[in-house]
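Under the numbering used here, the first residue of the sequence shown carries the number 1030, and numbering increases by one thereafter.
Note that CB positions come from ideal geometry on N, CA and C, so glycine has one too.
Only one structure is covered here, and it is reproduced in the block below.
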Amino acid sequence: MSRDDRPKKSWREIDSARDRSAHGREERPRGGTRAAERSSSAQKQYRSALDKLFDGGAVGEGWKKVLPEMPADPAVAGRQEELAAIRAATERTTVEAAVARLLERFSLPDDPDVLTQVLLCSDDRIAENALGRLDALLPLRAPAARQVLVARLRRIEDDEDRSPEVRSLAAAVRKKATRSP
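Below is the structure:
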């Protein structure tokens, strides 16, 4: 039977079919008041469990494991501030100033990302120190931005103003950085 052969339904028949549909409006609750009571009591239990969790301090203890503690020692806090300044620096002059402030009171860290930033310094002594630390650290932990490290090492290798020792050390570290996984 094709579509044209069927009799057309009137609007009244279409509306009455909609009223009988199981997918219709939710004006009349199917489960009655019992389902609504169960739903509201379950919601109250859920909310009270959440309140107990947050008020009891269990979440606070969990966050202590995830977040690093702020150091109580002002010297350690000062070191962390200087390291953050080195990480945030984008220009050579700001990196050199931040490294100079760090080296006044502390030594270079064993952090490949900070050492990658230190390579922007034009002082051969500081660059040689950073390259030596990077050479020791690369087998253990590679920096997050390996391509940035390789690019900075290539720049040091190609820089005619650098000493031959620093240039050869940069070449050795670059080979190690491109080889390690």
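Asked: ARG1183 versus ASP1084 - alpha carbon distance; Found: 55 Å
Asked: Element boundaries [alpha helix (DSSP H), containing ALA1173]; Found: No alpha helix (DSSP H) contains ALA1173, which DSSP labels as neither H nor E.
Asked: Test item: CB-CB of LEU1160 and VAL1124 under 8 Å; Found: no
Asked: Straight-line Cα distance separating ALA1127 from GLN1109; Found: 12 Å
Asked: Residue burial classification, PRO1172 (beta-carbon count within 10 angstroms, cutoff 16); Found: buried
Asked: Endpoints, the alpha helix (DSSP H) within which ALA1046 is located; Found: 1040-1049
Asked: Beta carbon of ARG1175 nearer than 8 Å to that of ALA1206; Found: yes
Asked: Cβ-Cβ distance between VAL1195 and ASP1139 below 8 Å; Found: no
Asked: Of the listed residues LEU1144, LEU1132, ARG1134, nearest to ALA1117 (C-alpha basis); Found: LEU1144
Asked: For PHE1083, three-class secondary structure by DSSP; Found: helix
Asked: Proximity to SER1197 [Cα-Cα], best of VAL1177, ASP1164, ALA1106; Found: ASP1164
Asked: Contact with chain D by GLU1111, beta-carbon distance below 8 Å; Found: Looking at the structure shown, chain D is missing, and only one protein chain is on hand.
Asked: C-beta atoms of ILE1155 and LEU1131 nearer than 8 Å; Found: no
Asked: Exposure label - ILE1043; buried when at least 16 CB within 10 Å; Found: exposed
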